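Taking this note's numbering, the leading residue of the sequence shown gets 0, the next gets one more, and so forth. Backbone N, C-alpha and C define an ideal beta-carbon position, used for all residues, glycine too. Since this is a predicted model, take the numbers as computed values, not measurements.
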Amino acid sequence: MLLALDAGNTNITIGAFDGKNLIGRWRLRTIREQTADEWGILMRNLFSLSSLDLSAVNGVVISSVVPPVDQPLTQMSERYFHREPMFVNYLTDLGITVRYDNPREVGADRLVNGVAGFHKYGGPCVVVDLGTTINFDVMSSKAEYL
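Below is the structure:
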């Protein structure tokens with residue numbers, strides 16, 4: 000099972016995947032002061048209420064635009080899932096090419112939006128994210144993040 004976390008300024012969206020199937024989905028408030036154990040308790044309870052087994056998680060991936068939560072989420076992943084999480088950034092091989100002059104300027108949230116839109120709809124496509132801010136992510140027909 001893959002555990003995917005999208006840490007945004009307002010919420011952390013969590014998905015549990017069995018292969019390509021989404022088998023659990025939750026949304027928690029982003030609390031910058033939350034400890035690894037507090038995150039772990041929340042995850043344990045969410046898994047339990049959904050009849051999912053924590054020990055079935057064999058990978059954790061995190062897309063974060065909130066640096067203060069990165070360390071507690073890393074510690075939570077290691078302590079409760081016994082996995083070192085993979086953090087998405089502009090260096091991560093996502094199967095796309097980032098066509099920005101400075102790829103560091105593209106946040107992890109925007110990259111995963113582009114990847115998801117391209118894989119679901121093909122390209123070219125525009126993904127509109129109505130989160131804390133409104134973002135438009137554009138993918139070319141050649142899997143290029145524009």
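- Item | Environment of residue 46 [buried if 16+ CB atoms lie within 10 Å] | buried
- Exposure label - residue 109; buried when at least 16 CB within 10 Å: buried
- Three-state secondary structure assigned by DSSP to residue 153: The requested residue 153 does not occur in the structure, where the chain is confined to residues 0 to 145.
- Query: Is the CB of residue 83 under 8 Å away from at least one CB in chain C?
  - Reply: Among the chains of the structure shown, chain C does not appear; only one protein chain is present.
- Item | Strand pairing of residue 144, partner residues [DSSP] | 97 and 138
- Query: If we count Cβ pairs, one from each stretch, closer than 8 Å, do we get three or more for the stretch 128-139 versus the stretch 101-115?
  - Reply: yes
- Message: Just to confirm my understanding: we take residue 73, look at its own chain, exclude 5 residues before and 5 after, and list those with CB closer than 7 Å. What are they?
- Response: 84
- Query: Could you give the uninterrupted runs of the beta strand (DSSP E) lying entirely in the stretch 0-79, keeping only those of 3 residues or more?
  - Reply: 1-6, 10-17, 20-28 and 58-63
- Message: Taking only three categories from DSSP, how would you classify residue 90?
- Response: coil
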